[in-house]
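Participant:
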Amino acid sequence: MKSEDYSGPEAFQVEKRAMFATEWLPLCAEGQIAGPGDFVSASVGGWSVFGVRDKEGAVRVLRNACRHQNMPVVNTPSGNCESFRCRFHGWTYDLQGRFLSAPPPVAPKDPGSLDLHLAPLATALVDGLAFFNMGAPAPAVAPSLGGPFSAYGGTLTTEIACNWKVCVEHLLAGKGPSPDFAWHWPLLTVRRAGAVAIVEQAVPHTFLRTRLLTHVFGCAAENHQQAADTIKHVCERQQADRAAGKLAIDDNSLIADFHLRLAEVYARGGEAG
Ligand code: FES
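Numbered per the numbering used here, the sequence shown spans residues -2 to 270.
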């Protein structure tokens, strides 16, 4: 790994096309979109997507790109609605992403065309989390994160001014595979303490911005606010270290494996690495 892999945009572009375009990626906890019309949107590894629960209770992840002129249809991180109306020219979609209507001046010639529906992505629900895959066909998804977990206790959102790899390295630091800790490449860790499970999800927003979602099962999420604040503080300090050339040491097998797999991504992707 080089300093610029943490602080420049080039590595992020390679990761976007050589990793995030093909891996199963977590989007949110199912509990974040528990009711009909609940949605969550995010840019994950450079891909703009949103997840929504329809009236029948099914969860879908869709590309957040209007079929009129490719602008984002969902512009808030979360919410609830009956349908999605693109704010640019008014194309409207139902909770399954199907085209409903458009104002006459911008109406499509063939309103029955299947090409007008928002692009659905491969979606999987695993142990209370919603995953998506940009690829078609998508590979098999991991069947379990080690759950089932106890009752969903909420999700904390922490915005961190760091590269996503700094966040993952921090989550792996000082850890090893054990019954109480697991890393799920590339973005998830699961920590267990008795009946409590804490799933940390790194969301690579940009090459210098990471959203950490702390999904808590078995107790109230608020109990973990202080820990999330500490992660933010440490990661932002470590981001400055990486930018200054002080790189992470492969001090355990998980971090060594993380760097090895990243090296394979960069080899696949071409110019970075
Ligand atoms: S880009 Fe969405 S309606 Fe035009």
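We put the beta carbon where it would ideally sit given N, CA and C, even for glycine.
As the structure is a prediction and not an experimental result, all values here were calculated from the model.
(1) Mind checking R84: buried by the 16 CB within 10 Å criterion, or exposed?
(2) Take Y90 and list the residues in its own chain whose beta-carbon comes closer than 7 Å to its own, dropping the five residues that flank it on each side.
(3) Put N130 into one of helix, strand or coil per three-state DSSP.
(4) Rounded to a whole number of angstroms, what is the C-alpha to C-alpha distance between P6 and R206?
(5) Taking its Cβ as the centre, do 16 or more other Cβ atoms sit within 10 Å of S110, making it buried, or is it exposed?
(6) For E53, which of helix, strand or coil comes out of DSSP?
(7) Since S4 is in the alpha helix (DSSP H), which residue starts that stretch and which ends it?
(8) Using only the alpha-carbon positions, how far apart do F36 and D247 sit?
(9) K172 to H181, Cα distance in whole Å?
(10) Roughly how many angstroms lie between the CA atoms of C63 and G242, to the nearest whole one?
(11) Can you pull every residue whose C-beta falls closer than 6 Å to some heavy atom of ligand 1, listed in chain order?
(12) With contact counted as at least three CB pairs below 8 Å, one residue from each stretch, are the region 122 to 133 and the region 44 to 57 in contact?
(13) Leaving out five residues before and five after C51 in sequence, what residues of the same chain have Cβ atoms less than 6 Å from its Cβ?
(14) Decide if the region 229 to 242 is in contact with the region 181 to 197; the criterion is three or more beta carbon pairs, one per stretch, under 8 Å apart.
(15) Among residues of its own chain, excluding the 5 on either side of H212, which ones have a beta-carbon nearer than 6 Å to its beta-carbon?
(16) Does N67 pass the burial test, meaning 16 or more other C-beta atoms within 10 Å, or should it be called exposed?
(17) Would you grab the beta carbon distance between F214 and G150 for me? Rounded to a whole angstrom, and I think it's under 8 Å.
(18) For S175, name the three-state secondary structure that DSSP assigns.
(19) Leaving out five residues before and five after Q29 in sequence, what residues of the same chain have Cβ atoms less than 6 Å from its Cβ?
(20) Is H167 helix, strand or coil by DSSP?
(21) R189: buried (16+ other C-beta within 10 angstroms of its C-beta) or exposed?
Facilitator: Reading it off the structure:
(1) exposed
(2) V70, S80, F81, F96, L97, L115
(3) strand
(4) 11 Å
(5) exposed
(6) coil
(7) 0 to 4
(8) 38 Å
(9) 13 Å
(10) 41 Å
(11) C63, H65, Q66, M68, C83, F85, H86, G87, W88
(12) yes
(13) A small correction: the amino acid at residue 51 is Asp; Cys does not occupy that position in the sequence shown. Excluding residues within five positions, the ones whose Cβ falls inside 6 Å are L92, Q93.
(14) no
(15) A26, T152, V196
(16) exposed
(17) 6 Å
(18) strand
(19) V37, T152
(20) helix
(21) buried
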